[in-house]
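Numbering (my numbering), first residue to last: 141 to 314. In this text, a Cβ means the ideal position worked out from N, Cα and C, and glycines have one as well. Only a predicted model underlies this, so the values are computations on that prediction, with no experimental measurement involved. Notes follow once the structure below has been shown.
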Amino acid sequence: MRIAHEEGLRTTATMVIGFGESLWHRARHLERIRALQDETGGFTAFIPWTYQPENTELGRGGWLEATAVEYLKLLAVSRLYLDNVEHLQVSWLTQGLKVAQVGLRFGADDFGSTIIEENVVTAAGVPRVSVSEAEIRRLITDAGFRPQQRDTLYRPVARSPEGSAEEHRADSAH
């Protein structure tokens, strides 16, 4: 990631939990993200998610996965510790829509997106799920927040009166 950031690319930082790591390992991972962000400023968001063991060796061995409570605690700790990473995204794909919705109250400010194609967690056995933009907006609103569509760099995307998305660029008038 350091090289990508040095080349001017912005990336997200991720962390998977629930594969047998200790709390020390989780803390060390967060520490490394924080240090690299201090150095480069290249992370746009942090996205934690849980290991999906269904079609894996660990899963066949009866491995216990991380709970929703563990995930929500990680969101809260991440919001406090990664104060230099502006955005924290919930993973509705691995957590489900309700836990993701609750995650907004645990420090996340990004619900993620409608997913066109996803191959990592589906290969592990999570069924392909899709959710509409309207459903995401409803979940965010029901959680007490105002939904705002954004682009990959977290710039707001404005809606025209006809309802289509148009990117709003502050620098386009100059």
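Could you tell me the alpha carbon to alpha carbon distance between residue i and residue j, rounded to whole angstroms?
i: residue 246; j: residue 283; result: 11 Å
i: residue 160; j: residue 210; result: 13 Å
i: residue 158; j: residue 165; result: 11 Å
i: residue 288; j: residue 278; result: 12 Å
i: residue 232; j: residue 248; result: 12 Å
i: residue 296; j: residue 222; result: 22 Å
i: residue 280; j: residue 290; result: 14 Å
i: residue 172; j: residue 273; result: 34 Å
i: residue 269; j: residue 152; result: 22 Å
i: residue 162; j: residue 298; result: 43 Å
i: residue 143; j: residue 175; result: 15 Å
i: residue 220; j: residue 167; result: 12 Å
i: residue 141; j: residue 292; result: 17 Å
Can the beta-carbon of residue i be found less than 8 Å from the beta-carbon of residue j?
i: residue 244; j: residue 285; result: yes
i: residue 215; j: residue 271; result: no
i: residue 146; j: residue 184; result: no
i: residue 252; j: residue 217; result: no
Within its chain, find whatever has a CB closer than 7 Å to the CB of residue i; leave out the 5 residues flanking it on each side and keep chain order.
i: residue 310; result: Note that residue 310 scores 40 on pLDDT, short of 50, meaning its location in the model is unreliable and no value can be drawn from it.
i: residue 227; result: 184, 185, 249, 250, 294
Leaving aside the five residues before and after residue i along the sequence, list all residues of the same chain whose C-beta is less than 6 Å from its C-beta, in chain order.
i: residue 155; result: 169, 188
i: residue 239; result: 208
i: residue 92; result: Since the first residue of the chain shown is 141 and the last is 314, residue 92 is not available in this structure.
i: residue 276; result: 251
Leaving out five residues on either side along the sequence, give the residues of the same chain with a beta carbon under 8 Å from the beta carbon of residue i.
i: residue 149; result: 182
i: residue 212; result: 239, 242, 243, 246
>> I want to know whether the stretch 205-220 touches the stretch 183-192 - three or more CB-CB distances under 8 Å.
In response: Yes, the stretch 205-220 is in contact with the stretch 183-192.
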